[in-house]
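Quick note on numbering: the sequence shown equals residues 2 to 467 in my numbering.
The C-beta atom is built at its ideal place from N, Cα and C for all residues, glycine as well.
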Amino acid sequence: VSKDDVPLLYDLTHKMAPYLDVHLVFPLLEFLEENTAYEDKEVQHARLELLAPTNMVDYAIEIHTALTGETEPKEMSGRRDAVFETMESLESKLESVRQVLRDQEQVDALRQEGCLNPTGLLERHEFSAQILDEFYVFAKFLYECGDYQEAHDMLELYLEIYTGINTKHYLDALWGKFASEILLKNWENALVDLLRIKANIDERSDKSPLEQLQQRSWLLHWSLFVFFNHDKGHDGIIDLFLSDKYLQAIQTNCPWLLRYLATAVIINKRRRSTIKDLVRIVTQEFRQQHTTESSTLSISPSDNSNDNLDPVITFIDCLYSKFDFEGAQKTLRECEKALRADYFLCNCASAFMEDARICLHDAYCRIHTKVDITDLAAKLDMDALAAERWIADLIRGALLDAKIDSQNSCVIMNNQFPSVYSQVIDKTRDLFLRSNALINNIDLKILANDRKIQAQQLAAAATDRD
């Protein structure tokens with residue numbers, strides 16, 4: 002698919018950006034600039050607007066100069082001077098703290114002695130809670146400057162110091178570290194942070210239901226960076242998106258995320274059993290659209306025609322709800338364009354097209370015992386010879402129980418209903434992964450509780466000494 006052929010109609014960036022940190026939007030804009038028909042100046046203007054609240058002033062000046070051909074404006078020069086002044090002030094104020102916490106030997110010693118906590122740091126180095134708050138502020142400041150590695154290291158230490166202690170900055174620091182892991186492409190650590198944030202959101206009772214809904218909506222969007230880059234991400238996105246509270250967030254705030262759930266289900270052969278849940282959700286969304294006369298899945302809210310619905314979701318609806326094979330085949334052509342234009346799904350486009358054709362083929366053949374190859378090729382949007390070769394490959398790979406009658410140019414299906422044994426295997430296939438995820442969550446909670454108890458004991462001991 003060439004750059005000019007990618008329809009901007011299917012771009013979801015404008016819908017997703019409000020749920021992403023500013024710095025996480027930059028990779029999306031870079032992708033749009035290189036792979037879609039957006040004009041470079043449009044993307045540059047959007048990038049310049051996003052840079053406004055950050056401390057990346059030099060980058061903003063560079064873009065402004067490229068767009069206008071003018072020298073740097075006075076307000077940007079003044080903003081840059083203010084950023085440098087703030088940095089010098091914070092560095093001076095936190096020199097002693099950073100000197101200790103940058104020394105790995107001292108940090109290891111504090112950790113072994115159980116003093117890497119607010120009480121221990123106050124006793125050993127006279128670092129007050131206010132100083133530690135300033136440490137967090139400086140980490141956030143560096144993140145806004147684009148120094149993600151230094152910000153990550155500082156936030157990691159801050160979170161370890163306050164493990165098990167409810168502080169006003171703890172969740173913000175966790176989000177900041179998660180964003181840094183994403184931008185540094187540390188997918189393994191990012192997955193751990195994702196689970197920690199999820200546990201924090203789900204367990205905190207001081208947040209209103211509306212705040213929790215908003216936090217879950219943010220986490221769903223941020224999780225896409227992890228799930229479509231981590232080796233086991235396709236399992237993770239299905240588990241998260243289909244869990245009750247997060248599914249409610251999708252249906253309430255961000256139904257466009259169903260595109261990513263649908264893609265993950267189609268390309269994940271081991272989790273194909275979840276397609277029933279996906280079909281139920283998609284059917285509910287389409288029913289709600291028709292009853293309320295508002296397009297919740299529409300790319301363009303002002304237009305409710307099927308042509309403007311997300312093609313991936315429309316494919317699922319046509320194939321599994323309406324059994325409209327012609328509509329599914331037609332929509333499949335648009336699916337590739339939509340996926341190629343999607344930052345998160347562009348690398349999955351080929352796999353999706355292959356597996357979607359298999360799903361279309363399976364659904365069509367399930368209601369036929371004998372299928373004409375020419376008709377089947379038309380349904381799969383392939384020529385007859387290519388379709389015959391493709392079916393032969395499926396049969397050789399044991400993915401299709403059928404035989405080809407070359408003389409009559411047809412495929413004869415050996416329809417067999419799955420045994421109880423195979424159905425049990427399908428239902429329990431992902432049990433091991435879910436058990437491991439549960440064990441990891443329990444270990445994290447136990448570790449956090451142990452550190453909390455340790456911190457309380459140290460605080461009590463310090464009080465007794467006083």
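I need the boundaries of the alpha helix (DSSP H) containing I413, first residue and last residue. Per DSSP, I413 belongs to no alpha helix (DSSP H); it is in the beta strand (DSSP E), 411-414.
From L143, H65, L13, E335, pick the residue whose C-alpha is nearest to that of T55; which is it? L143
Is the number of C-beta pairs between the stretch 158-169 and the stretch 128-142 that are closer than 8 Å three or more? yes
Same chain only: Cβ atoms within 6 Å of T370, ignoring 5 sequence neighbours per side: M414
Using CA atoms only, rank isn't needed, just tell me which of D194, E124, M57, Y137 is closest to N442. D194
Look at the Cβ atom of I282, then the Cβ atom of L258, and state whether they are nearer than 8 Å. no
Measuring only the C-alpha atoms, how far is L175 from V227? 15 Å
Answer with buried or exposed for V425, where buried requires no fewer than 16 other C-beta atoms within 10 angstroms of its C-beta. exposed
According to the neighbour-count rule (16 or more other Cβ atoms, all chains shown, within 10 Å of its Cβ), is F324 buried or exposed? exposed
Since D406 is in the beta strand (DSSP E), which residue starts that stretch and which ends it? 403-406
Could you tell me whether the stretch 106-118 touches the stretch 86-93, where touching means 3 or more Cβ pairs closer than 8 Å? no
Would D236 be called buried (16 or more neighbouring beta carbons within 10 Å of its own) or exposed? buried
Using a Cβ-Cβ cut-off of 6 Å (strictly less than) and excluding sequence neighbours within five positions of M155, which residues of its own chain qualify? A140
Between the stretch 43-59 and the stretch 17-34, can you find at least three pairs of beta-carbon atoms closer than 8 Å? yes
Of the choices I251, L102, I64, E212, whose alpha-carbon is the least far from that of H222? I251
Measuring CB to CB, does I239 end up less than 8 Å from R197? no
Opposite V138 in the DSSP bridges: which residues? Looking at the DSSP assignment, V138 forms no beta bridge with any residue, so it has no partner.
Closest to S97 by C-alpha separation, out of S129, F179, L211, P19, would be which residue? S129
If you follow the alpha helix (DSSP H) that D363 is part of, which residue opens it and which one closes it? 350-367
With 16 other Cβ atoms within 10 Å as the buried cut-off, status of K4: Confidence in K4 is poor, its pLDDT being 49 and thus under 50, which makes the residue's placement unreliable; the coordinate value appears in the next sentence. When all chains shown are included, K4 counts as exposed.
Which residues does DSSP list as the beta-bridge partners of K371? I413
Nearest to G147 by alpha carbon, out of Y60, A83, L158? Y60
Look at the Cβ atom of A342, then the Cβ atom of Y11, and state whether they are nearer than 8 Å. yes
What do you reckon, are the CB atoms on L220 and K199 nearer than 8 Å? yes
Check each candidate in F229, R217, Y321, T264 and name the one with the smallest Cα separation from D245. R217
I need the straight-line Cα distance from H15 to F32, nearest angstrom please. 14 Å
Let me know the secondary structure DSSP gives L310 once reduced to three states. strand
Three or more C-beta pairs below 8 Å linking the stretch 203-210 and the stretch 180-194: no
So what does DSSP say about T284, is it helix, strand or coil? helix
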